[in-house]
Structures are given as structure tokens and as C-alpha cells.
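Residue numbers (UniProt numbering): 1 to 178.
Using N, Cα and C, we set each Cβ at its ideal position, and we do this for glycine too.
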């Protein structure tokens with residue numbers, strides 16, 4: 001992120017500024033799409049069921065070319081691997097959920113880190129932009145907590161899932177950050 005990293009709130013910086021194995025925990029509110037296609041998409045990717053104040057833990061595990069995020073929402077786990085974009089995606093973030101990869105611009109605005117979808121692929125094959133999943137997704141800090149607000153929707157499918165909530169570093173991480 002370069003210079004833009006300095007403009008992030010402290011908890012957002014803390015969450016991202018480590019190359020160590022770590023975990024953060026908190027709670028989230030989850031909404032799921034109700035259409036047949038949205039339910040199928042959510043099941044394929046293992047997105048969590050709808051619920052309020054669902055316990056969540058995110059484990060960040062460094063890998064050779066990125067970082068594996070394991071999200072555990074009330075016992076329902078799903079994974080993605082995040083890495084820096086390469087070639088024409090330089091300076092961007094690529095996140096891979098199984099067979100789907102999404103490349104996003106990281107934009108700092110009004111104390112929030114916005115994740116703006118730019119391109120995507122399925123099984124390594126570039127897909128047309130008009131079919132690209134998207135949604136309003138950002139990270140921020142409020143009341144001393146890291147806040148996340150993720151919305152995933154797709155054309156012809158509609159809302160697949162939203163999950164929003166707050167995290168704080170688990171004990172060892174909190175002790176190491178002071």
C-alpha cells in the first residue's frame with residue numbers, strides 16, 4: 001500500500017502490519033441472499049449462515065507468496081489466500097476463494113480501507129467485467145476495534161452474503177502490540 005498505509009487507523013494498520021501467524025476475534029452480523037443462485041453460491045464458497053452477534057475468529061497464516069485468511073464464524077470456516085497483484089495487477093490485492101480470484105484496488109478514504117473490485121478469474125480464466133462479483137466492502141476502526149463490512153453480490157444472482165462486525169487481537173497479539 002505504500003504511503004497510503006500511513007493514513008489508516010491504528011487498528012487497521014495493526015491487523016495488516018505483521019508477517020507472523022496471528023488471530024483476531026470478535027462478533028459479526030451476517031445476512032445471506034435468499035435467491036436460489038445466491039444460496040448455491042454461498043454454499044459453494046462456504047460462506048457463513050445468517051445470524052446476529054455470531055462469534056468470529058480470523059487466523060492469518062503467512063504463506064510463501066501471500067497470507068491465508070481462515071475465517072471461523074460460529075464454527076463455520078472458510079478460507080482465502082491474499083497476495084499482492086502481479087504484472088498488470090501490480091499494487092493491487094488478489095484474493096483467491098477456491099476457483100475464483102478477485103483483484104481489488106486498495107483505496108484509503110475517510111479513515112477507511114476500501115476494497116474496490118477491478119477484475120476476476122474463474123479457474124485461472126479471465127472473466128468479463130460485467131459478470132464480476134462486487135459489493136461495498138471496507139475496513140475501519142471504531143471504539144478501539146477493527147471493523148469490517150463485507151458485501152458480496154453478483155450480477156444475475158443478487159446479494160450472496162454480507163458480514164460486518166468487530167475484531168480485536170487475541171491475547172498474544174494484544175500483548176505484542178504494546
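- Per the coordinates, the alpha-carbon of residue 55 lies some 34 Å from the alpha-carbon of residue 129.
- Counting along the chain, residue 114 sits inside the beta strand (DSSP E) bounded by residues 112-122.
- Judged by DSSP in its simplified three-state form, residue 93 adopts strand.
- The shortest CA-to-CA distance from residue 21 to any of 102, 52, 58 is the one to 58.
- Taking the Cβ atoms as the reference, residue 82 lies roughly 5 Å from residue 66, within the contact range of under 8 Å.
- Residue 51 is bridged by DSSP to 30.
- Between residue 154 and the set 125, 13, 132, the nearest pair of CA atoms involves 132.
- For the options 159, 126, 19, the alpha carbon positioned closest to that of residue 69 is the one of 19.
- If you ignore the 5 residues before and after residue 151, its C-beta comes within less than 7 Å of the C-beta of 135, 136, 137, 162, all in its own chain and listed in chain order.
- The continuous alpha helix (DSSP H) containing residue 36 extends over residues 36-45.
- Spanning the alpha carbons of residue 165 and residue 26 requires a straight line of approximately 7 Å.
- C-alpha of residue 12 to C-alpha of residue 170: approximately 15 Å in a straight line.
- Rounded to whole angstroms, the gap between the alpha carbons of residue 118 and residue 149 is 18 Å.
- With respect to residue 115, residue 8 sits apart: the two C-beta atoms are not nearer than 8 Å.
- Within the same chain, 32, 33, 160, 161 come within 8 Å of residue 42 by CB-CB distance, once the 5 residues on both sides are set aside.
- Residue 61 has its alpha-carbon roughly 18 Å from the corresponding atom of residue 76.
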